[in-house]
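Chains as they are written, first to last, in our numbering: chain Y, -15 to 331; chain A, -15 to 331.
Beta carbons: idealized from backbone N, C-alpha and C, even for Gly.
Notes for the one structure printed next.
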């Protein structure tokens, strides 16, 4: 590993195409895909070339730039109508994270205001979304790290780092900041079945940064807490509803239940683009069900007995009352609820 | 799969050797190892050719038969002293389950009473241990199934079936009995990382019996409960201490915590040979730490980023107060505690 986290650039605009680090191949190999239209960007999001709520929002924003270029070339007058179809396609690529819809709405508003060739303005907007996300991550890193006492150990879940965001990371950004501040004794990462984002991606990012990482199987998290080996569990979020419910990677709600039982802090780190004030509670969120094969096979190798089926929800719902701290770029909300979240509602 | 559960014979005495179904190769292939001495039996237990607390006790008992045959041939006078070394070797093969020590103590007592060739008596004792275990499983199956209401769905963990016992199973025996009684709508099995006993072994056994099985990743158990999809979680035990603490596969304690949170029943099914009255509580049990490679690799394929380490406890400790029902062959103990367990203490 020659790289460090600052050199991990999972989403790159090359000047006339979008380059994505293919996260399905990590950590075994570092491959990039070069995409030139919205159809291939939507496929890359759906097939998890890129994943992580902020990262798929940014990717989709660049996808709109590619789509607008194509549609404007096809029809300098009628491109806006055509672009709407592309935006619908991108919106549908994955249903659960709100950042995708948020970024696409922002791009659509930008497109509506353009005259002549829309590409320069849209590219500027996509770059702005990307840059704002990195900036938000740095701020969340500082806010979250301030909550952590010296000599602490933490457990993180899934991947919320440079690969899942514009750069630096949400939960992993907090861990990076806390590590840089010399506060962390040990960082545990839960492997996060079925896709193994923890062992494949988070461990890769942390070793790139020379932050020692100890993996556990997801089922060992409770015993880790029972043994008082961690003071915080720190996760990201794909969507936070108006009442503070957190939709995140399957298994997050179990960690929150165990944190409460074992009196371990449960911190959720998510930019304001993840907040969804249009939904009252987590019960209203469309939880993506993914293919059974993700559970039944691994690396194209069948692991489960023939004839078995699988239930494979990709996300779950953590009730707000199990969240100790919600960290956004605007600060820390302790014991988040509807009233406290309302302060962050856009005008 | 042509087989059914009655034809799964994971531990077989051939007449002059011990045949073990190599559980490491399931479900991809059904291979048997033929063992003729205690050293290879101890290695088979350590390397998980055979696993499951009752099954390793039975295997070790046959291992004593093989050891006694060898030692008696070497020294018809001094074989008993030599056998003690073999029994120590077998006892040390895996530290956490008590059935191993229990079966070996029983074999040692039997050996102490023999005159002349010890093999016939020891073989009879090993067969008796084996037969008693199957009988206990059938009784536990009936006791446990009686606790389950019609139209229930259940989640089971790890593998506690014919492969883990003398035959039929503990927790899986309860599920078999409840299924046979027409009480079950759906059986969920948690895949049980890192060794995947759920997807490899439990799913295999259930499909052999034509009982439909739906796998989940271990981290999905909480969301399964939140969605009210199961009424019971049913597990086995490797050791139950005098106060009712349950030592079982890593992840069991997390399930128990979540069952309490979501008001789902938590049932532990274990024969009296699993009870350890010599230990006051679970805190005194030696929790086996296994190789990091079990977490970092899968099927000889490295899944984790290079440079990552792992914490890999094979078992965890569920406090007695999280157990709703302990089912033994002698009946059901609700909300087990020291006083209720004492009734089962051998004289």
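Selected residue, minimal CA-CA separation from residue i, among the options
i: residue 309 of chain Y; options: Y:67, Y:206, Y:250; result: Y:250
i: residue 278 of chain A; options: A:8, A:51, A:156, A:-7; result: A:8
i: residue 252 of chain Y; options: Y:207, Y:203, Y:153, Y:291; result: Y:153
i: residue 13 of chain Y; options: Y:185, Y:171, Y:168; result: Y:185
i: residue 267 of chain A; options: Y:269, Y:210, Y:217; result: Y:210
i: residue 274 of chain A; options: A:300, A:114, A:286; result: A:300
i: residue 109 of chain A; options: A:121, A:100, A:99, A:94; result: A:94
i: residue 133 of chain Y; options: Y:169, Y:287, Y:327; result: Y:169
i: residue 115 of chain A; options: A:98, A:126, A:151; result: A:151
i: residue 4 of chain A; options: A:22, A:98, A:100, A:43; result: A:43
i: residue -8 of chain A; options: A:145, A:304, A:291; result: A:145
i: residue 311 of chain A; options: A:-2, A:182, A:127; result: A:127
i: residue 96 of chain Y; options: Y:52, Y:122, Y:242, Y:131; result: Y:52
i: residue 223 of chain A; options: A:257, A:208, A:241, A:234; result: A:257
i: residue 22 of chain A; options: A:6, A:88, A:16, A:304; result: A:88
i: residue 166 of chain Y; options: Y:136, Y:208, Y:112, Y:331; result: Y:136
i: residue 120 of chain Y; options: Y:199, Y:101, Y:157; result: Y:157
Whole-angstrom distance between residue j and residue i, CA atom to CA atom
i: residue 228 of chain A; j: residue 320 of chain A; result: 6 Å
i: residue 295 of chain A; j: residue 103 of chain A; result: 42 Å
i: residue 260 of chain A; j: residue 86 of chain A; result: 9 Å
i: residue 189 of chain Y; j: residue 140 of chain Y; result: 13 Å
i: residue 2 of chain A; j: residue 92 of chain A; result: 19 Å
i: residue 220 of chain Y; j: residue 245 of chain A; result: 23 Å
i: residue 325 of chain Y; j: residue 283 of chain A; result: 46 Å
i: residue 56 of chain Y; j: residue 10 of chain A; result: 57 Å
i: residue 247 of chain A; j: residue 201 of chain A; result: 21 Å
i: residue 225 of chain Y; j: residue 322 of chain Y; result: 9 Å
i: residue 60 of chain Y; j: residue 105 of chain Y; result: 15 Å
i: residue 297 of chain A; j: residue 203 of chain Y; result: 10 Å
i: residue 49 of chain A; j: residue 232 of chain Y; result: 54 Å
i: residue 90 of chain A; j: residue 99 of chain A; result: 17 Å
i: residue 213 of chain Y; j: residue 218 of chain A; result: 28 Å
i: residue 293 of chain A; j: residue 205 of chain Y; result: 16 Å
i: residue 155 of chain Y; j: residue 122 of chain Y; result: 11 Å
i: residue 45 of chain A; j: residue 291 of chain A; result: 41 Å
i: residue 331 of chain A; j: residue 262 of chain A; result: 13 Å
i: residue 19 of chain A; j: residue 179 of chain A; result: 23 Å
i: residue 64 of chain A; j: residue 107 of chain A; result: 16 Å
i: residue 230 of chain A; j: residue 306 of chain A; result: 10 Å
i: residue 314 of chain Y; j: residue 328 of chain A; result: 60 Å
i: residue 281 of chain A; j: residue 316 of chain Y; result: 38 Å
i: residue -15 of chain A; j: residue 289 of chain Y; result: Because the pLDDT of residue -15 of chain A is 34, which lies under 50, any placement of that residue in the model is unreliable, and the question is left without a value.
i: residue -13 of chain Y; j: residue 16 of chain A; result: With a pLDDT of only 46 at residue -13 of chain Y, under the threshold of 50, the placement of this residue in the model should not be trusted, and no figure is reported.
Residues sharing a beta bridge with residue i, DSSP
i: residue 245 of chain Y; result: Beta-bridge pairing links residue 245 of chain Y to no other residue.
i: residue 318 of chain Y; result: Y:309
i: residue 273 of chain A; result: A:297
i: residue 90 of chain Y; result: Partner(s): none; residue 90 of chain Y has no beta bridge.
i: residue 302 of chain Y; result: Y:230
i: residue 212 of chain A; result: Answer is none; residue 212 of chain A lacks a bridge partner.
i: residue -3 of chain Y; result: Y:2
Within chain Y, partners of residue i - CB distance below 7 Å
i: residue 237 of chain A; result: 206, 207, 210
i: residue 241 of chain A; result: 206, 241, 242, 245
i: residue 163 of chain A; result: Under the 7 Å cutoff, chain Y gives no residues; its nearest Cβ is about 15 Å from residue 163 of chain A.
i: residue 297 of chain A; result: 204, 207
Residues that residue i contacts on chain A, provided the C-beta gap is smaller than 8 Å
i: residue 148 of chain Y; result: Ordered by position in chain A, no residue passes the 8 Å Cβ test against residue 148 of chain Y, which lies about 15 Å from the chain.
i: residue 300 of chain Y; result: 204, 206, 207, 210
i: residue 127 of chain Y; result: None at all; the shortest Cβ gap to chain A is about 27 Å.
i: residue 11 of chain Y; result: 288, 289, 290
Interface residues of chain Y facing residue i [CB-CB closer than 8 Å]
i: residue 279 of chain A; result: 175, 183, 199, 200, 201
i: residue 32 of chain A; result: Those do not exist, as residue 32 of chain A stays about 16 Å from chain Y at its closest Cβ, beyond 8 Å.
i: residue 79 of chain A; result: The contacting residues do not exist; residue 79 of chain A stays about 16 Å from chain Y at best.
i: residue 178 of chain A; result: 201
i: residue 191 of chain A; result: 289, 290, 291, 292
i: residue 234 of chain A; result: 201, 203, 204, 207
Within chain Y, partners of residue i - CB distance below 9 Å
i: residue 188 of chain A; result: 288, 289, 290, 291, 292
Under 7 Å by beta carbon: chain A residues contacting residue i
i: residue 283 of chain Y; result: 285
i: residue 216 of chain Y; result: Chain A residues near residue 216 of chain Y: none, gap ~17 Å exceeds 7 Å.
Is the stretch 193 to 205 of chain Y in contact with the stretch 182 to 196 of chain A, if contact means three or more CB pairs nearer than 8 Å? No: fewer than three Cβ pairs fall under 8 Å.
If we count Cβ pairs, one from each stretch, closer than 8 Å, do we get three or more for the stretch 80 to 97 of chain Y versus the stretch 20 to 39 of chain Y? Contact holds: three or more Cβ-Cβ distances are below 8 Å.
Indicate whether the contact test is met: 3 or more Cβ pairs, each with one atom in the stretch 21 to 32 of chain Y and one in the stretch 59 to 78 of chain Y, closer than 8 Å. At 8 Å Cβ cutoff, the stretches touch.
Contact between the stretch 158 to 176 of chain Y and the stretch 133 to 148 of chain Y: three or more CB pairs below 8 Å? Contact between the stretch 158 to 176 of chain Y and the stretch 133 to 148 of chain Y is present: three or more C-beta pairs spanning the two stretches fall below 8 Å.
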